[in-house]
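Student: One structure, as structure tokens, below. Some questions next.
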Ligand SMILES: NC(=O)c1ccc[n+]([C@@H]2O[C@H](COP(=O)([O-])OP(=O)(O)OC[C@H]3O[C@@H](n4cnc5c(N)ncnc54)[C@H](OP(=O)(O)O)[C@@H]3O)[C@@H](O)[C@H]2O)c1
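Residue numbers (the numbering used here): 154 to 486.
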């Protein structure tokens with residue numbers, strides 16, 4: 154008998170997640186029924202949104218229920234199948250959950266090609282985070298040649314691709330990241346024009362020096378003080394795709410809005426929130442373009458793969474909210 158280990162939600166966290174908020178349950182791995190296949194999960198994606206998925210209240214998806222397996226994108230290998238489209242041995246990625254064996258009907262699960270990129274990259278730059286950067290920047294930010302595009306969390310899974318795509322489109326790319334090592338990587342390895350270390354204590358002045366012509370597109374990943382500093386330097390008719398607000402995901406009290414909100418009015422800014430699934434009908438185009446740029450060496454991607462299995466999940470997840478990750482954060486099972 155094949156045994157599954159699944160990470161189940163035990164309680165809703167207050168602030169950062171704790172080990173006690175989850176439990177690992179050992180259970181028989183179900184055999185696939187008609188039209189189903191079973192995946193042996195190898196890599197689980199750690200995404201900032203997970204903190205929202207386990208919080209109570211209204212969001213863009215229903216919360217993970219207490220006692221349920223933690224929701225997650227993951228990648229693995231089909232180990233048995235009664236589905237005509239998926240054969241044992243094939244590599245797949247999709248919403249498989251934080252567990253060793255997952256059953257799928259093929260919905261929101263895709264075959265991937267490990268000969269083109271390592272398995273973990275298909276839940277990173279070639280998966281959901283890459284699609285997020287692509288749609289948010291191109292559909293909402295609409296960067297023009299010569300414009301200045303700023304992105305926060307610039308060394309991370311989404312941000313690293315936003316700046317590189319902005320460069321492909323002929324814009325000037327400026328990152329905001331925490332610490333000199335990440336900033337150096339963003340400029341020297343990823344090819345951004347500049348990167349501002351928001352932890353250095355001179356955010357407004359450093360941003361002005363990095364963006365002498367002002368900011369036309371701000372790809373928002375963080376919120377809080379960084380958003381405020383950027384709002385003060387936006388150009389007329391600028392665009393702000395609101396992708397994420399990670400600085401507030403673990404807040405235990407209401408978070409105040411930006412004090413420079415007035416900039417939206419006087420600069421006639423377009424500020425639009427989005428979720429990657431909003432662009433589902435264009436997903437094939439995004440995947441093809443991201444794959445082509447990656448194959449041409451025009452998009453560099455970096456994964457931060459952590460060991461420790463299911464037990465390590467809460468501690469590894471918290472790295473996202475402290476800047477402890479460097480690249481797309483992934484847990485190897
Ligand atoms: N809308 C969508 O559909 C969608 C889809 C995917 C992701 N997202 C959002 O995109 C953003 C980036 O996600 P990702 O997966 O690419 O994560 P990531 O950037 O790889 O990792 C998160 C990074 O956020 C930064 N950060 C954390 N707390 C911060 C704070 N208080 N102030 C400033 N920076 C902070 C840290 O970088 P530093 O060390 O540089 O501070 C950290 O490494 C998140 O907000 C996420 O929710 C949205």
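All C-beta atoms, glycine included, are put in the ideal place defined by N, C-alpha and C.
Can you tell me which residues form a DSSP beta bridge with residue 534?
Tutor: Residue numbering for the chain in the displayed model covers 154 to 486; residue 534 lies beyond these limits and cannot be assessed.
Student: In whole angstroms, what is the alpha-carbon distance linking residue 174 and residue 222?
Tutor: Here residue 174 refers to the residue found at position 21 of the chain shown. Here residue 222 refers to the residue found at position 69 of the chain shown. C-alpha separation (whole angstroms): 12 Å.
Student: Using only the alpha-carbon positions, how far apart do residue 407 and residue 292 sit?
Tutor: As a first step, residue 407 must be located in the chain shown, where it is residue number 254. As a first step, residue 292 must be located in the chain shown, where it is residue number 139. Going by the C-alpha atoms only, they are around 31 Å apart.
Student: Going by DSSP, which residues form a beta bridge with residue 256?
Tutor: As a working note, residue 256 is residue 103 in the chain shown. According to DSSP, which records beta bridges pairwise, residue 256 is partnered with 191.
Student: Since I believe residue 343 is in contact with residue 349 (beta carbons under 8 Å), could you give me their beta-carbon distance rounded to a whole number of angstroms?
Tutor: Residue numbering aside, residue 349 sits at position 196 when the chain shown is read from its first letter. Residue numbering aside, residue 343 sits at position 190 when the chain shown is read from its first letter. Residue 349 to residue 343, Cβ: 14 Å. No contact.
Student: Ligand 1 heavy atoms versus the CB of residue 281: any closer than 7 Å?
Tutor: Residue 281 sits at position 128 when you count from the first residue of the chain shown. Yes, since a heavy atom of ligand 1 falls inside the 7 Å radius drawn around the Cβ of residue 281.
Student: Do we get a CB-CB distance below 8 Å when we pair residue 367 with the residues of chain D?
Tutor: Going by chain labels, chain D is absent from the structure shown, which holds only one protein chain.
Student: For residue 409, tell me which candidate among 227, 398, 481 has the shortest Cα-Cα distance.
Tutor: Position 256 of the chain shown holds residue 409. The residue with the shortest Cα to Cα distance from residue 409 is 398.
Student: For residue 171, name the three-state secondary structure that DSSP assigns.
Tutor: Here residue 171 corresponds to residue number 18 of the chain shown, with the count starting at 1. Residue 171: coil per DSSP, three-state reduction.
Student: Nearest to residue 378 by alpha carbon, out of 180, 414, 230, 171?
Tutor: On the chain shown, position 225 is the one that residue 378 refers to. Out of 180, 414, 230, 171, 414 has the C-alpha closest to the C-alpha of residue 378.
Student: With hydrogens ignored, establish whether the beta-carbon of residue 214 is closer than 7 Å to any heavy atom of ligand 1.
Tutor: What you label residue 214 is simply residue 61 of the chain shown in a count that begins at 1. False, no ligand heavy atom lies under 7 Å from that Cβ.
Student: Have a look at the DSSP bridge pairing and note the partners of residue 482.
Tutor: The count along the chain shown starts at 1 and reaches residue 482 at position 329. Answer is 457, bridged to residue 482.
Student: Between 191, 215, 270, 198, which has its C-alpha nearest residue 242's C-alpha?
Tutor: By 1-based counting over the chain shown, the position of residue 242 is 89. Closest option to residue 242, Cα to Cα, is 191.
Student: With a threshold of 7 Å (Cβ to nearest heavy atom), would residue 481 be considered close to ligand 1?
Tutor: To locate residue 481, count along the chain shown from 1; it is residue 328. Checking every heavy atom of ligand 1 against the Cβ of residue 481, one is found closer than 7 Å.
Student: Locate the alpha helix (DSSP H) running through residue 383, then write down its first and last residues.
Tutor: Taking the first residue of the chain shown as 1, we reach residue 383 at position 230. Counting along the chain, the alpha helix (DSSP H) containing residue 383 begins and ends at 377-384.
Student: In this structure, how does DSSP classify residue 248 when only helix, strand and coil are distinguished?
Tutor: Indexing the chain shown from 1 puts residue 248 at position 95. Strand at residue 248.
Student: Does the stretch 227-234 come into contact with the stretch 248-256, if we say contact requires no fewer than three beta-carbon pairs (one atom in each stretch) closer than 8 Å?
Tutor: The stretch 227-234 is in contact with the stretch 248-256.
Student: Measuring only from the beta carbon, is residue 333 closer than 7 Å to any heavy atom that is part of ligand 1?
Tutor: Counting from one through the chain shown, the residue named residue 333 turns up at place 180. It does not: the Cβ of residue 333 is nowhere closer than 7 Å to a heavy atom of ligand 1.
Student: What three-state label does DSSP hand residue 282 in the structure shown?
Tutor: The sequence position of residue 282 within the chain shown is 129, counting from 1. Correct three-state label for residue 282: helix.
Student: List the residues that DSSP assigns as beta-bridge partners of residue 530.
Tutor: Any question about residue 530 goes unanswered here, given that the chain covers just 154 to 486.
Student: Got a sec, what are the start and stop residues for the beta strand (DSSP E) residue 392 sits in?
Tutor: Your numbering for residue 392 matches position 239 in the chain shown. Looking at the DSSP string, the run of the beta strand (DSSP E) that includes residue 392 is 387-395.
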